[in-house]
Structure formats: C-alpha cells, structure tokens
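Enquirer:
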Amino acid sequence: MELIFLKITKAVIPAAGFGTRVLPASKVLPKEMLPLVDKPAIQYIIEEAAASGITDILIITNRGKEIIENHFDKNPDLERNLEKSGKSAMLNAVSLSSNLANLYFIRQKEAKGLGHAISCAKTFVGNEPFAVLYGDDVITGKVPVCKQLIDAFNEYNLCVVGAKQMPEEKIINYGSLKVEPIKENILKCTDMIEKPSKDKIMSLYSILGRCILTPDIFDILSKTLPGHGGEIQLTDAMKVLAQRDGIIVVDFDGKRYDIGNKLGIMQANVEIALNHTEIGKDFKTYLKELCKSL
Ligand code: UTP
Numbered sequence: 039m040e041l042i043f044l045k046i047t048k049a050v051i052p053a054a055g056f057g058t059r060v061l062p063a064s065k066v067l068p069k070e071m072l073p074l075v076d077k078p079a080i081q082y083i084i085e086e087a088a089a090s091g092i093t094d095i096l097i098i099t100n101r102g103k104e105i106i107e108n109h110f111d112k113n114p115d116l117e118r119n120l121e122k123s124g125k126s127a128m129l130n131a132v133s134l135s136s137n138l139a140n141l142y143f144i145r146q147k148e149a150k151g152l153g154h155a156i157s158c159a160k161t162f163v164g165n166e167p168f169a170v171l172y173g174d175d176v177i178t179g180k181v182p183v184c185k186q187l188i189d190a191f192n193e194y195n196l197c198v199v200g201a202k203q204m205p206e207e208k209i210i211n212y213g214s215l216k217v218e219p220i221k222e223n224i225l226k227c228t229d230m231i232e233k234p235s236k237d238k239i240m241s242l243y244s245i246l247g248r249c250i251l252t253p254d255i256f257d258i259l260s261k262t263l264p265g266h267g268g269e270i271q272l273t274d275a276m277k278v279l280a281q282r283d284g285i286i287v288v289d290f291d292g293k294r295y296d297i298g299n300k301l302g303i304m305q306a307n308v309e310i311a312l313n314h315t316e317i318g319k320d321f322k323t324y325l326k327e328l329c330k331s332l
C-alpha cells in the first residue's frame, strides 16, 4: 500500500442531527451550542482540533443552525465595548472564539445519517486524510484526543478510530469492534457492527466520537445503503475499510461526555465546573454541601 506522509490539517464536525434526545432544549438551540459552564459544547471540540494542529474545519449544519456560524464570527461592537470598559479577560475570551481556526460551513440538506453527513465533506477534504470529531462528543484530557489519533495515523498509515470499552448493557446502543491487540493502548480492528444484539457483540470496544479517515471513504460511502434506523451509517462504510485494510484503534486517554443526552450534559457541566479556574473552588464547596443532603 502506498504510504501517505501528508500532515493532517483538515477536520470535519458533523452537527446536523436533530438532537431528539435533548428535546425540547434542542428545538431551536442546536445541542452543539448548549453551554458547558461558559462555552458552547462545540467550542471545546474546535479547541481540541486546533490544539491538535488542525487549521481548517468544515462544520456540517442544517436549517436553523446559523447560530453556530454566528458564535465563531467576530463581534466588533461587543469587542469595542469590552475594550472601552477595560474588561480584558472577557475581551480575550470573546476574540479567542473567532480565531481558533478557519471555519467553513455546509448544509446537509436532509438528516440522512452520520455517513451521509460525512459525504457532504468530499469537496472540502479533496485528496487528504482528515479528522472527524462528532459534534456531540466533548472529550477533555491532557493530550487532545484528536492529536493522539493523528499520531497513530502517522505511525501506522491506516485509518484510526478513538475507542473505549463500554459496559455490556450499554454497547448494544453503540457499535462494537472486533479487535486484536498491537501494543499498550493500540489495537487493530478488522470488523465492526453497529448497535449489536447481545449475541453479536464482537468486543466491548466502541468508537467514541473521533476518527481519522482517508478520502477513499467517500467512494465507499457513495455505495453504502441505508442501515440501522434507515440512515446511512458511517460505521457501515468504516466496516468495509476494517475488513479490507484494518483500522487502528486508539484506546484514548481522556474523559468523554455524550452531550447528545441529558445525563451526559449534566456530567460534563459538573466536571468542567469543578476544574474551572474562576468558579471551581466555590462550585466544589457548593457541591459538597449539597451532597450531604442527598
Ligand atoms: P447522533 O445520532 O448522536 O445525533 O449523531 P442525532 O441524530 O442528533 O441524535 P438523536 O438521536 O436525534 O438525539 C452523531 C453526530 O452526527 C451528527 C449529529 O449532529 C451528531 O453530532 N449527525 C447525525 C449529522 O450531522 N447528520 C445526521 O444525519 C445525523
């Protein structure tokens, strides 16, 4: 197989889902814009990408998600006002959000599934490997997970997925990977199944929100038929790659929050608040006091 030595600088963030599991909050406000303490969830994801060396990010949106584009635009009036009133910390925070990376937007005209959303990125991606960061998976940790995956791609020159082991009762709602160990936290995946019934579980490893793909995924996606839930599933296309070449699995170092469900949103808020430089100490005191009454 031909070796690819291209630096990964492009990422795709699919954010065009309905967010049904967090309705009614997501009826008007996209779930990706729900605040985790003081930043919308998608900003954590873009910060992770930028800290991993990504310079160009395509966000897949749909009708009603213009607010995402507005959040990452400059707001000169607000910035002038903050400057005049000497609120430099706020000014820095506001201008940071419009300077993280070059952002591009495209609409997925119908929510036909994650695989279909990724296929909307074909022209943007061109002939380069690229990162995918799911718009509703926030992952915190010392080394950005996207960077951990890029490092694995550079080492093995194969597509890479970020994964964690899930409890058996939960994996039936996710995907299951057939894996063999390579070293430490690195495994090779040779097959996968989306939302397996109990007797079809291949391992407890499941893809969680991050992958590095090569452009040949687009050709596979164009031939992928609707799968689970009548949607074009990214895992069905990745399964073809896994069976053909193998996919590298990184059991990543980091804490993942699924902000596509209510419990995940609350867990993210509590844990991010506890580590927050401004409110962390007071929040901890409050939480300890509250816990006494539980
Ligand atoms: P999910 O399946 O978790 O998102 O997709 P969803 O469709 O919004 O979920 P529910 O079931 O309605 O609550 C994972 C990611 O893929 C995006 C979502 O926005 C989410 O970030 N996605 C999903 C798309 O961009 N397009 C789609 O057609 C489906």
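Per my numbering, the very first residue in the sequence shown carries number 39; after that it's consecutive. All residues carry an ideal CB built from backbone N, CA and C; glycine is no exception.
Do residue 92 and residue 99 have their CB atoms nearer than 8 Å?
Expert: Taking 8 Å as the Cβ cut-off, residue 92 and residue 99 do not qualify as a contacting pair.
Enquirer: Can you look up residue 66 in the DSSP assignment and give me helix, strand or coil?
Expert: Three-state DSSP puts residue 66 in coil, outside helix and strand.
Enquirer: Among residues of its own chain, excluding the 5 on either side of residue 88, which ones have a beta-carbon nearer than 7 Å to its beta-carbon?
Expert: Contacts found: 138, 139.
Enquirer: For residue 234, write down the residues that DSSP places opposite it in a beta bridge.
Expert: For residue 234, which the question treats as bridged, DSSP gives no partner whatsoever.
Enquirer: Alpha carbon to alpha carbon, how far is residue 86 from residue 128? Give it in angstroms, no decimals.
Expert: For residue 128 and residue 86, the distance between alpha carbons rounds to 21 Å.
Enquirer: Can you find a heavy atom of the ligand UTP that lies under 7 Å from the Cβ of residue 56?
Expert: Flag set: Cβ of residue 56 near the ligand UTP.
Enquirer: Take the Cβ of residue 56 as the centre, count every other Cβ of all protein chains shown within 10 Å, and call the residue buried at 16 or more, exposed below.
Expert: Classification for residue 56: exposed.
Enquirer: Starting from residue 178, follow the alpha helix (DSSP H) in both directions and report where the run begins and ends.
Expert: Unbroken run through residue 178 is the beta strand (DSSP E), 175–178; no alpha helix (DSSP H).
Enquirer: For residue 203, does the count of other Cβ atoms within 10 angstroms reach 16, so buried, or fall short, so exposed?
Expert: Exposed, by the Cβ-count rule.
Enquirer: In three-state terms, what does DSSP make of residue 213?
Expert: Correct three-state label for residue 213: strand.
Enquirer: Using CA atoms only, rank isn't needed, just tell me which of 274, 223, 81, 109 is closest to residue 256.
Expert: Cα-wise, what sits closest to residue 256 is 274.
Enquirer: For residue 304, does the count of other Cβ atoms within 10 angstroms reach 16, so buried, or fall short, so exposed?
Expert: It counts as exposed.
Enquirer: Can you tell which of 318, 315, 201 has the C-alpha that lies nearest to the C-alpha of residue 246?
Expert: Among 318, 315, 201, the Cα nearest to that of residue 246 is on 201.
Enquirer: Examine the Cβ distances between the region 181–200 and the region 309–323 and report whether three or more of them are shorter than 8 Å.
Expert: These segments do not touch.
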